[in-house]
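Residue numbers (this note's numbering): 650 to 1158.
This is the structure in structure tokens:
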């Protein structure tokens, strides 16, 4: 027993003589009991402050704070995909290929026919007596023809109860363009593709970095609003250069003679510039291009990489690519969530979401919802809680900011060159029709677009942990040094004396 105590005493004495921890030396080497008690008290207070400090550091580390680091990079640019659609969803010459209901609507929505019906209604006392209500005004007709979702709730059109009186075929009392889009969406997919504008008719010339585009790089998709849309995407399209001569450009023919009167209130093209592999959203993301113009679209690219995990929720594209064939995006996630919710609630498919319906398919063979049916209409446009969707920002994405400028195009007499090109590539009928147009009309039928990078650099935005584990360990070391003047070497000394004391106990046992 005395031998063990002697060993422990020797351990303590050796530790006191050699330790680099000042507070321990003060406690053990004090000459009087009062001084020793003072230093023990100070030691306890410092330990309390040390523990509180370490708890604060640990709490801060476990909060997983992050910051965004922006770096300017200069390397190959990933050129975006370019999707374009003619604003007119269906060619007038193809109306015999659609069902009778849509043919009747095409005849009824001609603005000239609508105004004629309105005039006949307002001047005919018999019709006034028959309906016994205030007839639709010109403002009603304008609102009925002018489709805008800006003042609509949840994508639904504003109803015009009086407007149905100007139709003889009982068209649904929404607005003309919405009614047309609904009837058009009920056609089978092959018919919609056939009656829409064709790629070979619209694209006269196409270049990327001075080389002709390959037709295999174009992919067709269907839109409920715009009919056929075409996406140019080339996985090898990486550009080292910037400027107008090093981008993507197209000359397009709008086929204005094929426009259905009243189906749309404007003429031209819509274009979406988006990351390769992502599903374009023609209604939400598009730039509108007009005929008779040269449009320059300058791009600035930014890549964003998010941490995910403990630092915030984000989703990778792997599961979406495998399940849906598209890269993950926040917009796609919310639309898929909404459509799944609608199908479950209404028991039918919203025909007005062709892009999402193509992604989700119809494995349960659900019927198409009808906007003419009041029950379906109310069910489709009933508000849903988007917070129930498990949608988060993508872990990695490429964003393209755009600036658009216009110039009048083509120049005087150059439209004759375009007409010669048109006659070379198109049918004799199309050529003859173009020849009978005035120069002004011919100019409005063509447009040219140039897309290029503005600068030879791009922003690389990455999320970084505000405190890494090494930073946390360094903070702990700093706290030990601040409160106890304790270093890693001092910790080893403490471990040594603990080992010495335990060894003596083992010998005793």
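Built from N, CA and C at the ideal position, the CB exists for glycine as well.
Residues of its chain near residue i, where Cβ-Cβ distance is below 6 angstroms and the 5 sequence neighbours each way are ignored
i, result
"residue 759", "910, 911"
"residue 1147", "none"
"residue 856", "898"
"residue 943", "1056, 1058, 1097"
"residue 1129", "1135"
"residue 706", "1124"
"residue 1041", "962, 963, 964"
"residue 875", "734, 738, 931"
"residue 713", "959, 960"
"residue 945", "1054, 1099"
Start-to-end residues for the alpha helix (DSSP H) that takes in residue i
i, result
"residue 848", "848-851"
"residue 970", "967-973"
"residue 898", "Careful: residue 898 lies outside any alpha helix (DSSP H), inside the beta strand (DSSP E) at 897-902."
"residue 751", "749-757"
"residue 1024", "1023-1029"
"residue 921", "Note, residue 921: premise wrong, no alpha helix (DSSP H); beta strand (DSSP E) at 918-923."
"residue 842", "838-844"
"residue 1011", "No alpha helix (DSSP H) holds residue 1011; DSSP gives it neither H nor E."
C-beta contact flag for residue i and residue j at 8 angstroms
i, j, result
"residue 902", "residue 851", "yes"
"residue 865", "residue 734", "no"
"residue 1018", "residue 1005", "no"
"residue 880", "residue 730", "yes"
"residue 1108", "residue 721", "yes"
"residue 1000", "residue 831", "yes"
"residue 700", "residue 1110", "no"
"residue 981", "residue 928", "yes"
"residue 913", "residue 736", "yes"
"residue 1132", "residue 728", "no"
"residue 848", "residue 867", "yes"
"residue 1103", "residue 900", "no"
"residue 975", "residue 969", "yes"
"residue 749", "residue 923", "no"
"residue 862", "residue 957", "no"
"residue 740", "residue 846", "yes"
"residue 917", "residue 1092", "no"
"residue 685", "residue 676", "yes"
"residue 1071", "residue 1079", "yes"
Close-in-space but distant-in-sequence residues of the same chain around residue i (CB under 7 angstroms, 5 per side omitted)
i, result
"residue 1015", "992, 996, 997, 998"
"residue 821", "Any reading at residue 821 must be qualified, since the residue scores a pLDDT of 40, below 50, and its modelled position is unreliable; the value itself is stated next. 828, 1020, 1021, listed in sequence order."
"residue 892", "1101"
"residue 1113", "715, 716, 718"
"residue 1025", "995, 997, 1018, 1019"
"residue 726", "887, 888, 950, 1102, 1107"
"residue 860", "none"
"residue 781", "Confidence at residue 781 is low in this model, with a pLDDT of 42, below 50, so its placement is unreliable and the value that follows should be read with caution. If we look at residue 781 and ignore the five residues flanking it on each side, it has no Cβ neighbours."
"residue 966", "976, 977, 1043"
Nonlocal neighbours in the same chain, by C-beta distance under 8 angstroms from residue i, ignoring five residues either side
i, result
"residue 1007", "870, 871"
"residue 773", "For residue 773, the predicted model reports a pLDDT of 44, less than 50, meaning its position is unreliable and no value from the coordinates is stated."
"residue 986", "1035, 1037, 1038, 1039, 1040"
"residue 884", "925"
"residue 778", "Low confidence applies here, because residue 778 scores a pLDDT of 41, under 50, leaving its location unreliable; read the following figure in that light. None."
"residue 1172", "No statement about residue 1172 is possible, as the shown extent of the chain runs from 650 to 1158 and does not include it."
Span of the beta strand (DSSP E) around residue i
i, result
"residue 871", "867-872"
"residue 984", "Where residue 984 is concerned, there is no enclosing beta strand (DSSP E), although the alpha helix (DSSP H) it sits in stretches over 979-995."
"residue 881", "876-881"
"residue 691", "Premise fails: residue 691 lies in the alpha helix (DSSP H), 682-711, not in any beta strand (DSSP E)."
"residue 722", "715-722"
"residue 1205", "No information on residue 1205 is available, as it lies outside the stretch 650 to 1158 that the chain covers here."
"residue 937", "936-938"
"residue 732", "730-735"
Rounded Cβ spacing between residue i and residue j (contact assumed at less than 8 angstroms)
i, j, result
"residue 854", "residue 877", "Not confirmed; about 19 angstroms, so no contact."
"residue 715", "residue 960", "5 angstroms"
"residue 1048", "residue 953", "6 angstroms"
"residue 936", "residue 920", "5 angstroms"
"residue 905", "residue 1074", "Contact doesn't hold; Cβ gap of about 17 angstroms is too wide."
"residue 844", "residue 743", "4 angstroms"
- prompt: Whole alpha helix (DSSP H) runs in the stretch 1055-1134 with 4 or more residues, listed along the chain?
  reply: 1063-1074, 1077-1084, 1088-1093, 1118-1133
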